[in-house]
Amino acid sequence: MTATYTFDVFCTLDGYGSYDENGDWGGYWGKQGPEFLERRLALCSAEQRMVLGANTFRDFLQLLDPDDLDPVNSAMRNLPTTVVSTTLEGPFDWPDATVANGDAVDVVTRLKNESAVPLRSHGSMSLNRALLAAGLVDRLQVTIFPVISGRTGTEPILRGAADFDLELLESRTFDGAIQELTYRPSPHR
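Sequence positions in the sequence shown follow my numbering and run 1 to 189.
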């Protein structure tokens, strides 16, 4: 049996996963509340392996100061993590990170076959678009924040992705405004 792979991503209502340096949004677009943070802590505390691309991992290394972390990011940082990269070499200031050098599809295929725990990737847009196209993403979990960032948004989360039909598996609302939608993707034919 293969491990389940979840592509976990945050975005605005208009589909942006990031904003430019002139944006004044702050983390989670400033909309996080106690229900959302409790959910994220539960997700990041579950037994699993994180799978990150090199760019996202570099960003996390810069942004997630181990001496100044909130509980959610502390839990995420302490998960065993595989970084898919052909350019990075350790060691890293990350408790349990290993680099898997090679093609992302090959690396994740191997991880899915060998892992005894679920796999989760947060962000890592280009990595996950390639994994979607290869049919390796079992769950697409999109958390939509109640904002539109048409002027400051810089990266649409699924720009350039192949076409997919989505089967809604679960939906949740946190703090009366944040939507978490979990889908099973299948290639559109």
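Glycine included, every Cβ here is placed at the ideal spot set by N, Cα and C. As the structure is a prediction and not an experimental result, all values here were calculated from the model.
- The Cβ atoms of Lys31 and Ile178 lie closer than 8 Å to each other.
- The three-state reading of DSSP puts Ser124 in coil, since its state is none of H, G, I, E or B.
- Exclusion of the five residues before and after Val99 leaves Val83, Ser85, Leu88, Glu89 and Gly90 as the residues of its chain whose Cβ lies within less than 7 Å of its Cβ.
- For the pair Phe92 and Leu111, the CB atoms are not nearer than the 8 Å cut-off.
- Between the C-alpha atoms of Ala3 and Arg139 there is a straight-line separation of about 11 Å.
- Contact between Phe36 and Phe174 holds: their C-beta atoms lie close to 4 Å from each other, under 8 Å.
- When Val72, Glu47, Gly135 and Leu63 are compared, the shortest CA-CA separation from Glu38 is found for Val72.
- When the alpha-carbon of Leu131 is set against those of Ala104, Pro34, Pro118 and Phe164, the nearest one is in Ala104.
- Under DSSP, Cys11 forms a beta bridge with Ile144.
- In summary, His122 is buried, with 16 or more beta-carbon neighbours lying within 10 Å of its beta-carbon over all protein chains present.
- The C-alpha of Arg40 is placed about 17 Å away from the C-alpha of Gly17.
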